Each structure stands twice: as structure tokens, then as C-alpha cells.
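Colleague:
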Amino acid sequence: MALRNIRKEGDPILAKISKPVWEMTDKTKVLIEDMLETMYAANGVGLAAVQVGVLKRIVVIDVSDAGNDPIILINPEIIDKSGSQTGDEGCLSVPGKSGVVTRAAHVKVKAFNEKMEVFEIEGDDLLARAFQHEVDHLDGILYTSKVEGEIKTADD
Ligand code: NI
Numbered sequence: 051m052a053l054r055n056i057r058k059e060g061d062p063i064l065a066k067i068s069k070p071v072w073e074m075t076d077k078t079k080v081l082i083e084d085m086l087e088t089m090y091a092a093n094g095v096g097l098a099a100v101q102v103g104v105l106k107r108i109v110v111i112d113v114s115d116a117g118n119d120p121i122i123l124i125n126p127e128i129i130d131k132s133g134s135q136t137g138d139e140g141c142l143s144v145p146g147k148s149g150v151v152t153r154a155a156h157v158k159v160k161a162f163n164e165k166m167e168v169f170e171i172e173g174d175d176l177l178a179r180a181f182q183h184e185v186d187h188l189d190g191i192l193y194t195s196k197v198e199g200e201i202k203t204a205d206d
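In my numbering, the protein residues as written are 51 to 206.
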């Protein structure tokens, strides 16, 4: 496993649309392991492959306190959403900043797992926010385009 370089806001790859994954290869397995290691090392709760420069529809998320409950989503689609939550959001590609974003409070996601089996997973609150934020990355969207009001620096 290895840490990968996290692309930062202003890098044009972050605005690109990622491509679906249709088979699990050794290379993709390594990518997923590296994404997890990179996310944990940066104290993040989610990372999309595009953020390490790979335009594949792969996301890793871990919102657990202990950081030992990873969720791996391949070709994720949000198939249901309800409710609303408004709160601070940040991104490893936009370090040291945060902004207020309104998202659905509850979402259901359909995706493939690492064995390329379809599954569904639901999330509320922070997990729902992470699902929506990371799926946006796969469509070239950064949370900064959805911020209500000012984007704050970490010291504000
Ligand atoms: Ni992000």
C-alpha cells in the first residue's frame, strides 16, 4: 500500500466526470487500498478516486469515530433521498477550509462492492452527507460550488 497525492482545488481533473468500473482488477484493488490509507492518513471521512488523480467511479468513506469501518462504493448511485440537513462541510481537496452546505438528511445508495456485487446502503446525518459529497466528486462537483455564504478558513 502507498499514500497517494491528493489533488487540490484548482486542479482541472477535479472538474472531470469519472468513468464507471466494470471489472475488478489487481490494479483497482491496489487503488482502493491506497485510497483508504490516504484518507486515514489525512484524517478524512471520505475520498473519491478522482481526488488521487484516477477518473474511476470509486469512493471510500469512514465516518466511524475509531476509523475502522470503511465503506467502499463502486459506481455509487443515490437512489433515494429525504429530509434536509444544513451544516459545515470540508474536503481533503480544499484543505483548511469549510462552508455551510444543505444536503438531504437521509439517502439510500446503490453500488457495487469490491467483489462487483450490487448492494444497497442507507445513511443518515454525517454518513448521508458523505455519500452526497463523494458522489458529487464523481461528477466533477466540489462542495465549494454549493456553499451558502462564505467559505471559511480553519482559523475563523
Ligand atoms: Ni471532498
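Note that the Cβ used here is the ideal one computed from N, Cα and C, for glycine as well.
Just so it is clear, the structure is predicted and the values come from calculations on it, not from any experiment.
Ile171 bridges to which residues according to DSSP?
Modeller: Val159
Colleague: Taking Cβ positions, are Glu164 and Ile122 nearer each other than 7 angstroms?
Modeller: yes
Colleague: So, with DSSP's three-state summary, where would you put Ile63?
Modeller: Reduced to three states, the DSSP call for Ile63 is helix.
Colleague: Quick check on DSSP: helix, strand or coil for Leu97?
Modeller: If DSSP states are grouped into helix, strand and coil, Leu97 belongs with the strands.
Colleague: Take every Cβ of the segment 88-107, pair it with every Cβ of the segment 171-191, and state whether three or more of those distances are shorter than 8 angstroms.
Modeller: yes
Colleague: Among Asp119, Trp72, Ile128 and Asn118, which has the Cα closest to the Cα of Gln182?
Modeller: Ile128
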